[in-house]
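Undergrad: Handing you a structure now.
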Amino acid sequence: MTVTSGLQMGSLPTPPLEYVGYNLAEPKSSEQIICGPLDYLLSSGGKNIRHKLMLAFNEWLQIPPEKAEIISEIVNLLHTASLLIDDIQDSSKLRRGKPVAHSIFGVAQTINSANYAYFLAQQKLSSLHSTRANDVFVEELLNLHRGQGMDLHWRDTLTCPTEEQYIGMVLDKTGGLFRLAVKLMQLESNQTCDCIPLTNTLGTIFQIRDDILNLSGGEYTKNKGFCEDITEGKFSFPIIHSINSDPRNMQLMNILRQRSEDNSLKAYAVDYITSTRSFTYSYQKLNSLIAEAKSMVEELDAQMGPSRGMCAFLEMLNLN
């Protein structure tokens with residue numbers, strides 16, 4: 006998907022331009038220049054988690070395909086824009102296994118492209134029926150930025166939050182785009198079921214799962230780097246539990262303070278987190294939330310009929 010192709014053709018997006026190593030002599034439109042960082046990140050693919058989630062919810066909500074496509078485009082634009090900003094705020098090196106956009110296009114142009122995407126997404130709201138769509142859009146973007154603000158505050162002041170505070174932040178930051186998608190779908194639907202409690206639980210599951218994977222190596226290391234959360238100084242779910250399990254031991258706090266890229270030091274931090282049984286606790290919390298979500302799905306299935314997509318989505322989130 007590219008933003009520029011969609012804007013110029015007024016149809017479904019075409020395959021993205023290759024921005025790394027393109028012919029500098031070839032003239033580019035202003036739209037292509039402005040959307041360069043955005044299109045670059047869109048070209049790198051992704052897991053399409055939010056689109057899969059929308060498809061699963063739509064088995065219950067039954068909104069028209071063209072409305073679902075518009076909402077999917079809105080959420081994808083917002084998600085991609087937020088990643089562009091996140092990578093700058095976190096001083097990230099990799100995103101989806103490629104250099105981050107701002108390392109290619111520069112910080113200023115990347116920020117502008119991300120901000121532009123927010124308004125491109127808002128512009129698409131006019132294609133939806135409900136007059137409340139804009140209110141939902143603004144409400145959840147405010148929540149997203151509130152959550153991001155607290156996450157950055159804890160990191161930059163080296164303040165370890167409680168688990169309850171962290172879950173509250175996750176509901177704002179990660180849950181924001183999940184809720185935005187589902188709320189917009191509910192506005193377009195003739196069904197009356199309330200999917201927001203399930204949506205909130207899924208957002209929390211997704212973040213805790215992501216926190217575990219970030220410290221576990223494997224595919225995550227290939228795409229983002231080894232234990233990037235430690236390099237960022239981020240208070241993720243396992244890290245918070247580990248620190249709070251023995252507040253007098255300052256080893257992990259001191260490692261986070263350094264923002265180190267030393268893999269041996271980060272490996273030591275992972276060993277320490279393991280020693281406090283924080284991964285075990287995180288897996289238990291994840292499994293408990295998945296069980297809670299399955300119970301909610303059963304209730305919605307009883308009201309609306311079965312959603313095979315939601316069952317498959319929950320299985321995908323399971324790390325066992």
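Plus 5 on top of the position in the sequence shown (first one is 1) and you've got the numbering used here. Glycine included, each C-beta is placed from N, C-alpha and C at the ideal position. All values reported here derive from a predicted model rather than from experimental measurement.
To the nearest angstrom, report how far apart N249 and A186 are at their CA atoms.
TA: Cα-Cα distance, rounded: 34 Å.
Undergrad: Kindly indicate which three-state DSSP category K103 falls into: helix, strand or coil?
TA: DSSP places K103 in strand when its eight states are reduced to three.
Undergrad: With a threshold of 8 Å, are at least 3 pairs of Cβ atoms found where one atom belongs to the segment 161-178 and the other to the segment 230-244?
TA: Because the criterion of three Cβ pairs below 8 Å is met, the segment 161-178 and the segment 230-244 touch.
Undergrad: Classify F231 as helix, strand or coil using the three-state DSSP reduction.
TA: Coil, per DSSP.
Undergrad: Using the Cα positions of R101 and D215, report the straight-line distance between them to the nearest angstrom.
TA: Approximately 14 Å, taken between the alpha carbons.
Undergrad: Tell me where the alpha helix (DSSP H) around N205 begins and ends.
TA: First-last of the alpha helix (DSSP H) with N205: 201-219.
Undergrad: Would you kindly work out how many angstroms separate the C-alpha atoms of L163 and L60, rounded to a whole number?
TA: Rounded to the nearest angstrom, the two C-alpha atoms are 39 Å apart.
Undergrad: May I ask which residues mark the beginning and end of the alpha helix (DSSP H) holding S247?
TA: Looking at the DSSP string, the run of the alpha helix (DSSP H) that includes S247 is 242-250.
Undergrad: Counting pairs of Cβ atoms below 8 Å between the segment 34-49 and the segment 85-96, do you hit three or more?
TA: At 8 Å Cβ cutoff, the stretches touch.
Undergrad: Return the residue from the list N139, L176, R160, R137 that minimises the CA-CA distance to R151.
TA: Nearest of N139, L176, R160, R137 to R151, Cα basis: L176.
Undergrad: Return the Cβ separation of L203 and V302 in integer angstroms, given the expectation that the two are a contact with Cβ distance under 8 Å.
TA: Contact flag correct, Cβ pair sits at about 7 Å.
Undergrad: Going by CA-CA distance only, name the one from L133, T136, D92, Q114 that's closest to Q153.
TA: Of the listed residues, the one whose Cα sits closest to Q153 is D92.
Undergrad: Which residue wins for smallest C-alpha separation from G208, given the options L47, L157, R184?
TA: Here the closest residue by C-alpha is R184.
Undergrad: For M258, which of helix, strand or coil comes out of DSSP?
TA: It is helical.
Undergrad: Should V141 be labelled buried (16 or more other beta-carbon atoms within 10 Å of its own) or exposed?
TA: Buried: at least 16 other Cβ atoms inside 10 Å.
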